[in-house]
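One line per chain: the protein sequences are A and B, in this order.
Letter by letter, the first sequence follows residues 1 to 452 in this note's numbering.
Letter by letter, the second sequence follows residues 1 to 91 in this note's numbering.
No residue lacks a Cβ here, since even glycine has one placed at the ideal position from N, Cα and C.
None of the values given here were measured: they were computed from a predicted structure.
The next block holds one structure in the form of structure tokens; read it before the comments.
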Amino acid sequence: MSIPDFHDRLYTRRLPSAVSLLPVLEKLLTATLACSPTTGPTFTGLRCKECGHPYEAGARHVCEDVCFGPLEVVYDYEAIRARVSRATIEAGPASIWRYRDFLPIQGDPIDVGTGFTPLLKANNLARRLGLKNLFIKNDGVNMPTLSFKDRVVSVALTRARELGFTTVSCASTGNLANSTAAIAAHAGLECCVFIPSDLELGKVLGTLIYNPTLMAVKGNYDQVNRLCSEVANTFGWGFVNINLRPYYSEGSKTLGYEVIEQLGWQLPDHIVAPLASGSLFTKIRKGFDEFIKVGLVDDKAVRFSGAQAEGCSPIAQAFAAGRDFITPVKPNTIAKSIAIGNPADGPYAIDIANRTGGSIAAVGDGDIVEGIKLLAETEGVFTETAGGTTIAVLKKLVEAGKIDSNETTVAYITGNGLKTTEAVADAIGAPYTIEAQLDSFKAAWQQVQAQH
Amino acid sequence: MAIQVLIPTPLQKFTNDEATASLEAASVDALIDALDARYPGLKDRLCDEGGKLRRFLNVYVNSEDIRFLDNQQTLLSDGDEVSIVPAVAGG
Chain A
1 MSIPDFHDRL YTRRLPSAVS LLPVLEKLLT ATLACSPTTG PTFTGLRCKE CGHPYEAGAR
61 HVCEDVCFGP LEVVYDYEAI RARVSRATIE AGPASIWRYR DFLPIQGDPI DVGTGFTPLL
121 KANNLARRLG LKNLFIKNDG VNMPTLSFKD RVVSVALTRA RELGFTTVSC ASTGNLANST
181 AAIAAHAGLE CCVFIPSDLE LGKVLGTLIY NPTLMAVKGN YDQVNRLCSE VANTFGWGFV
241 NINLRPYYSE GSKTLGYEVI EQLGWQLPDH IVAPLASGSL FTKIRKGFDE FIKVGLVDDK
301 AVRFSGAQAE GCSPIAQAFA AGRDFITPVK PNTIAKSIAI GNPADGPYAI DIANRTGGSI
361 AAVGDGDIVE GIKLLAETEG VFTETAGGTT IAVLKKLVEA GKIDSNETTV AYITGNGLKT
421 TEAVADAIGA PYTIEAQLDS FKAAWQQVQA QH
Chain B
1 MAIQVLIPTP LQKFTNDEAT ASLEAASVDA LIDALDARYP GLKDRLCDEG GKLRRFLNVY
61 VNSEDIRFLD NQQTLLSDGD EVSIVPAVAG G
């Protein structure tokens, strides 16, 4: 079966809404982290990504006993391998929870239908760019708040509830605030979120509608993040991207799993994804690696390329200079959702791009707007500025000969354009206003023809 | 000169659970030494063997990242607030 045929079948089919477990088994999904072959959590604790020091699976995110490196969840991959197959995954719900054995939760998830978004075969855009096998992973239609952040927040809030938090919070460039507020509302958790005060109106409204407490901080994202670290120190809240970060970030792995499954249980040749903190990029890689490790997909080389906006490109600058460390920058770009001047996972993103033979490139704000329009006009997908950045960098890399036309390439679109209409309002056409009369339409239609 | 230092939770085991400390220091480097003198062992946690701040730690003087100032040589004056913050991911 060809990849497009498989994709069409997968995309149109409806999947069962939930895994049905016997009640007695559900009761066994308790607070213990002991693994059994068929049920219970598959994670055993946390570990420092830098020095390997082990920690219990609590609310902590840095290696506080040794080096302050980031903590990662540790899994029992033998237990996962024993209980998971392509068939068990395919029988799961049409959400990220079909991969729950790869996610750090103990009991029932907060399932708001997040994940399993379309993987579109983008033939028109491919033709325009000179590619043969291009796919768009469209998380602009992710549920419930139209960005990939619903994946990470679904995992983080499930874990927050398990750890006993009653108030959840985040520092956000917009999408994360939307998602945290929405899923907290669904889960009945108190919510207080922090954003830079200059965000797009759609992202502010798209948070306030869920009635959280919203703090608009006079400063950029990095300043918001610093403030939130200090609040997390003193208020005892569950900050999804701070003290819950090891769990939160694992949600992004599902963007790797889904692409493998939607390509017919194959890896792509090349992926292009936006880079903000660098976390998403590293977790897509981890998702691929885990499916290889447990035998769900055959190993092969996949090149990883990252996209930044020139107005906030500390990772692209370090990559171009051959550095393995990040020099922070002060953001100045319309791509606010990826405007992180001090990206914590930047060094890991550079390492992945280098190891896989990928690239990291940046594009200007004008190119980002053109990228948004190009994706909309060729594929009917309206993305936000982060997606425009990804498409513009995809185009740039193809033109520079850094993506081969025969490579099966997946571009990750992580957010929805209806949230950032300001970015394109001055760059698109206007309606023809006419009377409700045939003559008026005919006159306008003549104008249209003349202009084409 | 009194400098107010905000201590992150992971380091408060060194400071008897105090979230702030008031110290005298003329620069960030001097402040790290002053912290270590008062709370022995703290410098080893903040810095690597070469005395350089660990790469996953961010230090801010009056909300400004010291990498935009003069790094560990950044001068301090009376009333400055210094914040030590482990790096976090976001979005």
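task = Enumerate in chain order the residues of its own chain whose CB-to-CB distance from A/E200 is below 6 angstroms, with the five nearest sequence positions on each side excluded.
result = As a working note, residue 200 of chain A is residue 200 in the first sequence. Within the same chain, A/E200 has close Cβ partners T420, E422.
inquiry  = Our contact map puts B/F56 next to A/V73 with C-beta atoms below 8 angstroms; I'd like the distance itself, whole angstroms only.
reply    = Along the second sequence, one-based indexing puts residue 56 of chain B at 56. Along the first sequence, one-based indexing puts residue 73 of chain A at 73. Not confirmed; about 18 angstroms, so no contact.
query = How many whole angstroms separate the CB atoms of A/V393 and A/V272, which I take to be in contact at a CB cut-off of 8 angstroms?
reply = Within the first sequence, residue 393 of chain A is the residue found at index 393, counting from 1. Within the first sequence, residue 272 of chain A is the residue found at index 272, counting from 1. That belief holds up - the Cβ atoms of A/V393 and A/V272 are roughly 6 angstroms apart, short of 8 angstroms.
query = Which two residues bound the contiguous beta strand (DSSP E) that contains A/Y257?
reply = The sequence position of residue 257 of chain A within the first sequence is 257, counting from 1. Careful: A/Y257 lies outside any beta strand (DSSP E), inside the alpha helix (DSSP H) at 254 to 262.
query = The beta strand (DSSP E) with A/E190 in it runs from where to where?
reply = The count along the first sequence starts at 1 and reaches residue 190 of chain A at position 190. Here the beta strand (DSSP E) through A/E190 covers 190 to 196.
key: Buried or exposed (CB count within 10 angstroms, at least 16 for buried), B/G50   = Along the second sequence, one-based indexing puts residue 50 of chain B at 50. Classification for B/G50: exposed.
key: Contact residues within the stretch 45 to 63 of chain B, judged by C-beta distance below 8 angstroms to chain A   = R45, R54, R55, F56, L57, N58, Y60, S63
ask   = Could one say the Cβ of A/T234 lies closer than 8 angstroms to chain B's Cβ atoms, at least one of them?
value = Within the first sequence, residue 234 of chain A is the residue found at index 234, counting from 1. Output row for A/T234: interface = yes.
message = I'd like to know whether the C-beta atoms of A/N243 and B/N58 end up nearer to each other than 8 angstroms.
response = In the first sequence, counting from the first residue as 1, residue 243 of chain A sits at position 243. In the second sequence, counting from the first residue as 1, residue 58 of chain B sits at position 58. Cβ distance not < 8 angstroms, so A/N243 and B/N58 don't count as in contact.
request  = Taking only the alpha-carbon atoms, compute the straight-line gap between A/D101 and A/G264 and give it to the nearest angstrom.
outcome  = Reading the first sequence from its first residue, position 101 is the one you call residue 101 of chain A. Reading the first sequence from its first residue, position 264 is the one you call residue 264 of chain A. When rounded, the distance between both Cα atoms is 20 angstroms.
inquiry  = Does chain A have any CB closer than 8 angstroms to the CB of B/R67?
reply    = Working through the second sequence from its first residue, we reach residue 67 of chain B at position 67. Taking Cβ atoms only, chain A reaches closer than 8 angstroms to B/R67, which makes this a yes.
ask   = Using DSSP with H/G/I as helix, E/B as strand and the rest coil, what is A/G238?
value = By one-based count along the first sequence, residue 238 of chain A stands at place 238. Strand at A/G238.
request  = Report the three-state DSSP secondary structure of A/T433 (helix, strand or coil).
outcome  = In the first sequence, the residue the question calls residue 433 of chain A occupies position 433. It is coil, neither helix nor strand.
query = Going by the CB atoms, is the gap between A/D365 and A/G311 shorter than 8 angstroms?
reply = Within the first sequence, numbered from 1, the residue matching residue 311 of chain A stands at position 311. Within the first sequence, numbered from 1, the residue matching residue 365 of chain A stands at position 365. Contact: yes.
ask   = Does B/T20 get closer than 8 angstroms to chain A when you measure Cβ to Cβ?
value = Here residue 20 of chain B refers to the residue found at position 20 when the second sequence is read from its first residue. Output row for B/T20: interface = no.
key: Contact with chain B by A/C456, beta-carbon distance below 8 angstroms   = For residue 456 of chain A there is no data in the structure shown, the boundaries of chain A being 1 and 452.
task = Tell me whether A/Q106 is buried or exposed, calling it buried when 16 or more other Cβ atoms sit within 10 Å of its Cβ.
result = As a first step, residue 106 of chain A must be located in the first sequence, where it is residue number 106. Buried: at least 16 other Cβ atoms inside 10 Å.
A/I96 and A/H186 closer than 8 angstroms at C-beta = The residue labelled residue 96 of chain A in the question sits at position 96 within the first sequence. The residue labelled residue 186 of chain A in the question sits at position 186 within the first sequence. For A/I96 and A/H186, no; Cβs fall outside 8 angstroms.
query = Leaving out five residues before and five after A/L275 in sequence, what residues of the same chain have Cβ atoms less than 8 angstroms from its Cβ?
reply = As a first step, residue 275 of chain A must be located in the first sequence, where it is residue number 275. Once the five neighbours on either side are set aside, the close Cβ partners of A/L275 are F281, G306, A307, Q308, I315, A316, I338, P343, G346, A349, I360.
Backbone secondary structure at A/I80 - three-state DSSP = Within the first sequence, numbered from 1, the residue matching residue 80 of chain A stands at position 80. Helix, per DSSP.
query = Looking at A/G40 and A/T383, is the spacing between their C-beta atoms short of 8 angstroms?
reply = For the purposes of this step, residue 383 of chain A is identified with residue 383 of the first sequence, where counting begins at 1. For the purposes of this step, residue 40 of chain A is identified with residue 40 of the first sequence, where counting begins at 1. No, the pair does not count as a contact, with Cβ atoms beyond the cut-off.
query = With B/T20 and B/L6 assumed to form a contact (beta carbons below 8 angstroms), what rounded beta-carbon distance in angstroms separates them?
reply = Position 20 of the second sequence, counting from 1, holds the residue named residue 20 of chain B. Position 6 of the second sequence, counting from 1, holds the residue named residue 6 of chain B. Indeed, because the Cβ distance is near 6 angstroms, the residues count as touching under 8 angstroms.
inquiry  = I want to verify the contact list: residues of chain A whose CB lies under 8 angstroms from the CB of B/P40, in sequence order.
reply    = Counted from its first residue, the second sequence places residue 40 of chain B at position 40. Near B/P40 there are no residues of chain A at all, since even the closest Cβ is about 16 angstroms away, more than 8 angstroms.
ask   = Quick one: which chain A residues come within Cβ less than 7 angstroms of B/L6?
value = In the second sequence, residue 6 of chain B corresponds to position 6, counting from 1. Within chain A, the residues near B/L6 are E230.
ask   = How many whole angstroms separate the CB atoms of A/A177 and A/K203, which I take to be in contact at a CB cut-off of 8 angstroms?
value = Taking the first sequence and counting its residues from 1, the one referred to as residue 177 of chain A is at position 177. Taking the first sequence and counting its residues from 1, the one referred to as residue 203 of chain A is at position 203. Contact flag correct, Cβ pair sits at about 7 angstroms.
inquiry  = Contact criterion: CB-CB distance below 8 angstroms. Does A/A344 meet it with respect to chain B?
reply    = Taking the first sequence and counting its residues from 1, one reaches residue 344 of chain A at position 344. Judged by the 8 angstroms Cβ criterion, A/A344 is in contact with chain B.
ask   = Taking only beta-carbon atoms, is A/G206 less than 8 angstroms away from chain B?
value = Counted from its first residue, the first sequence places residue 206 of chain A at position 206. With 8 angstroms as the cut-off, A/G206 does not count as an interface residue toward chain B.
inquiry  = Distance cutoff 8 angstroms, beta carbons only. Does A/E384 sit that close to anything in chain D?
reply    = The displayed structure is made up of protein chains A and B, and chain D is not among them.
query = Alpha carbon to alpha carbon, what distance is there between A/A126 and A/C191?
reply = Walking along the first sequence from the start, residue 191 of chain A turns up at place 191. Walking along the first sequence from the start, residue 126 of chain A turns up at place 126. If I take the Cα positions, the gap works out to 42 angstroms.
task = Report the residue ranges of all alpha helix (DSSP H) runs contained in full by the stretch 82 to 131 of chain A; include only those spanning at least 4 residues, in chain order.
result = 86 to 90, 123 to 129
query = Starting from A/R245 and walking both ways along the alpha helix (DSSP H), at which residues does that stretch end?
reply = What you label residue 245 of chain A is simply residue 245 of the first sequence in a count that begins at 1. Unbroken alpha helix (DSSP H) run through A/R245: 245 to 248.
message = Quick check on A/T145 - is its C-beta less than 8 angstroms from some C-beta in chain B?
response = The count along the first sequence starts at 1 and reaches residue 145 of chain A at position 145. For A/T145, the answer is no, since every Cβ of chain B falls outside 8 angstroms of its Cβ.
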